[in-house]
Amino acid sequence: MERNRTQRSRRIRGTLLALTAAGSLLLTACGAGGTENHTNSSDKRGLPAPAPGRDERGFESPPSDGDLSTFALDVDTASYTYARRTLADGRTPDPSTVRPEEFVNSFRQDYRRPDGNGFSVTVDGARTARPNWSLVRVGLATRTAEPTEKRPPAALTFVIDVSGSMDEPGRLDLAKQSLNTMTDRLRDDDSVAVVTFSEHAETVLPMTRLGGHRGEVHDAVDGLEAQSSTNLGAGVETGYATAVEGLRKGATNRVVLVSDALANEGETSPDAILRRIDSARREHGITLFGVGVGSNYGDALMERLADKGDGHTAYVSDTDGARKVFCEQLPQNIELTARDAKAQVAFDPHTVAEFRLVGYDDRKVADDDFRNDHVDGGEVGPGHTVTALYAVRTRPGADGHLATATVRWLDPITRAPHEESGAVETGALKGSVWEASPRFQVTAVAAYFADALRAGTDDGPALPGAPSLTRLAGRAATLADVTEDQDVQDLADAIREASHTDTGD
């Protein structure tokens, strides 16, 4: 059995090294719908928080007195979109840029939505082809986004990279086109500032109300031209200073960084850059939205800035993807429904022998810090879903409670803490992943694909029950027909390209 697993790993690794192309790119947005097991909870105290150990395969092994898995919420999608761009360019994604949670969170889900701020919690699962192993999905959803006219006003500071590398087609030109389109779609009571950076940073346009001044914003954007080196640190620092100077009470204040993140001058360490803006970030609650561009992209730097800057990232490579990010995702992220949101999943040691959280490597939180509200979590807006997938090995013949998932967040205005929980029993597990709901199956396909892209690394073993790339492509194609979702079809096309390479087609 071990030899078969090794042969499979080598076959997948060979497949990925031979990849030459993938299907067309499309950045996706989150959706809603559906109902699963759900229970309410508030002001929970004192859950045990032992630090789980790891066995030689990288799985977390539960201690006898309970098992917890704790992480900050993440709604990023950049890793998935950038991976597809890399494959389309005939290159294999660097495994370090493949973050499975961002693959999973790139697709619409079927979770119930809450009525007010906060989250609904869905926990479900299905058994895999590998004995005693299941995939368990923890799904969190915020309320549906309000119509544009009902949200709070926005004060957006755009920090635009105008370094020489941004002169490549699909970088600065795409950013300018997108910013102009978005400017026309924002409300009159929204405000925009524009900061540029190359060797130095400059505030091109201070915070300006759009009502009667859209022409000034368009002029500032149209005048952007690529220059020399990339002093990203100066750009971020000046951007936050401009945002603080133009801070609007009662508005949602954001810094939007548009860059290929190829910093080569000034401060290039993300932690050092974040220290320079720490007071603006913490005292005024200004969050960062990073938009990556370019075929050669500093993924690690942008992701670190967003994770530690109380924000998140997206990646664009074409006009359609840019339209979705700037005209759909960014407006969706103007309003916040939760700050410092974290999730903690407690697995029952009587039924669970071992488990593994798929992804969230950079978002893990110490179990003891779940209710420490001074520890950063994730910022989430309306209309979002967050999915965490676990590989779980149940004890032979185990029956009963499997896991309870709890999400904790702070009210974005009052900073009051709130919690919500959901649970799942072993009896609720579907008999097969491919008998679960279509959206659960999409989650599994995305996770299996990400896991294949990371094959051959030390980041963890293959997910249990992983089909061949050929079969995975077929599953995705069927799901695309069932869901009538173009995003799922794009996923199927990418996997099919990989499977054709594997068989020599």
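All residue numbers for the sequence shown refer to the numbering used here, where the first residue is 158 and numbers rise by one. Every residue, glycine too, gets a C-beta built ideally from N, C-alpha and C.
Beta-carbon contacts of residue i that lie in its chain and below 7 Å, excluding the five residues immediately before and after
{"i": "ASN337", "result": "HIS375, VAL378"}
{"i": "ASP497", "result": "ASP530, ASP533, GLY534, TRP566, LEU567"}
{"i": "ASP246", "result": "SER452"}
{"i": "ASP324", "result": "ALA383"}
{"i": "ALA186", "result": "A caution first: ALA186 carries a pLDDT of 32, below 50, which makes its placement in the model too unreliable to give a value."}
{"i": "GLY190", "result": "Because GLY190 carries a pLDDT of 35, less than 50, the predicted location of this residue cannot be relied on, and no value is offered for it."}
{"i": "LEU381", "result": "ILE317, VAL319, LEU329, LYS333, THR353"}
{"i": "ALA286", "result": "GLY622"}
Backbone secondary structure at residue i - three-state DSSP
{"i": "LYS307", "result": "helix"}
{"i": "VAL645", "result": "helix"}
{"i": "HIS375", "result": "helix"}
{"i": "THR238", "result": "helix"}
{"i": "LYS499", "result": "strand"}
{"i": "THR425", "result": "coil"}
{"i": "GLU359", "result": "strand"}
{"i": "GLY397", "result": "With the sequence shown as reference, residue 397 is identified as Tyr, and Gly is not the correct amino acid for it. If DSSP states are grouped into helix, strand and coil, TYR397 belongs with the helices."}
{"i": "GLY296", "result": "strand"}
{"i": "ASP281", "result": "strand"}
{"i": "ALA383", "result": "coil"}
{"i": "THR409", "result": "strand"}
{"i": "ASP650", "result": "helix"}
{"i": "ARG628", "result": "helix"}
{"i": "ALA245", "result": "helix"}
{"i": "VAL415", "result": "strand"}
{"i": "SER436", "result": "helix"}
{"i": "SER291", "result": "strand"}
{"i": "SER226", "result": "strand"}
Beta-carbon proximity check, residue i vs residue j, cutoff 7 Å
{"i": "LEU620", "j": "ARG294", "result": "no"}
{"i": "ARG256", "j": "GLY451", "result": "no"}
{"i": "LEU458", "j": "VAL316", "result": "no"}
{"i": "ALA236", "j": "LEU586", "result": "It is Ser, not Ala, that sits at residue 236 in the sequence shown. Cβ atoms of SER236 and LEU586: not closer than 7 Å."}
{"i": "ALA298", "j": "THR542", "result": "yes"}
{"i": "CYS484", "j": "ARG265", "result": "no"}
{"i": "ALA383", "j": "VAL319", "result": "yes"}
{"i": "ALA548", "j": "VAL581", "result": "no"}
{"i": "ALA623", "j": "ALA649", "result": "no"}
{"i": "GLY554", "j": "ARG284", "result": "no"}
{"i": "SER348", "j": "ALA312", "result": "yes"}
{"i": "THR340", "j": "ARG300", "result": "no"}
{"i": "ARG632", "j": "ASP267", "result": "no"}
{"i": "SER386", "j": "GLU422", "result": "yes"}
{"i": "VAL448", "j": "THR395", "result": "no"}
{"i": "GLU511", "j": "ARG550", "result": "yes"}
{"i": "VAL280", "j": "GLY579", "result": "yes"}
{"i": "TYR397", "j": "ILE434", "result": "yes"}
{"i": "VAL599", "j": "LEU636", "result": "yes"}
{"i": "GLN646", "j": "THR563", "result": "no"}
{"i": "GLU536", "j": "THR627", "result": "no"}
{"i": "ASN274", "j": "THR494", "result": "yes"}
Residues of its chain near residue i, where Cβ-Cβ distance is below 6 Å and the 5 sequence neighbours each way are ignored
{"i": "ASN197", "result": "For ASN197, the predicted model reports a pLDDT of 38, less than 50, meaning its position is unreliable; a value from the coordinates is still stated below. Nothing listed; no residue qualifies."}
{"i": "LYS201", "result": "Only weak support is given to the placement of LYS201: the predicted model assigns it a pLDDT of 32, under 50, and the question is left unresolved by the model."}
{"i": "ASP556", "result": "THR583"}
{"i": "ASP345", "result": "LEU367, GLY368"}
{"i": "GLY455", "result": "ALA418, LEU419"}
{"i": "HIS469", "result": "VAL232, ASP233, ALA463"}
{"i": "LEU331", "result": "ALA479"}
{"i": "VAL515", "result": "PRO257, LEU546, ALA604"}
8 Å CB neighbourhood of residue i in its chain, flanking five on each side removed
{"i": "GLU492", "result": "ALA302, GLU303, ARG308, PRO309, THR409, GLY538, PRO539"}
{"i": "PRO363", "result": "ALA350, THR399, GLU402, GLY403"}
{"i": "PRO250", "result": "TYR239, ALA240, THR243, LEU244, LEU610"}
Quiz item: Within the chosen definition, does the segment 523-530 reach the segment 222-239 through at least 3 CB pairs nearer than 8 Å?
Solution: By the C-beta criterion, the segment 523-530 is judged to be in contact with the segment 222-239, since at least 3 inter-stretch pairs fall below 8 Å.
Quiz item: Which whole runs of the alpha helix (DSSP H) in the segment 512-539 are 4 residues long or more, in chain order?
Solution: Those alpha helix (DSSP H) runs which fall completely within the segment 512-539 and span 4+ residues do not exist here.
Self-check item: Length-filtered (4 minimum) alpha helix (DSSP H) runs lying within the segment 553-619
Solution: Runs of the alpha helix (DSSP H) spanning 4 or more residues and lying entirely within the segment 553-619 occur at 595-610, in chain order.
Quiz item: Is the segment 382-397 in contact with the segment 422-438, if contact means three or more CB pairs nearer than 8 Å?
Solution: The segment 382-397 is in contact with the segment 422-438.
Practice problem: Inspect the CB distances between the segment 401-409 and the segment 352-359 and report whether three or more fall short of 8 Å. | Solution: Counting Cβ pairs under 8 Å, fewer than three are found: no touch.
Quiz item: Can you list the alpha helix (DSSP H) stretches of 4 or more residues lying completely in the segment 302-355, in chain order?
Solution: Listed in chain order, they are 329-342.
Quiz item: Where are the beta strand (DSSP E) runs, 3 residues long or more, that stay fully inside the segment 447-509, in chain order?
Solution: Runs of the beta strand (DSSP E) inside the segment 447-509: 469-472, 495-504.
Quiz item: Okay, do the segment 259-266 and the segment 597-609 touch, 3+ Cβ pairs below 8 Å being the bar?
Solution: Judged by Cβ distances under 8 Å, the segment 259-266 makes contact with the segment 597-609, as three or more pairs qualify.
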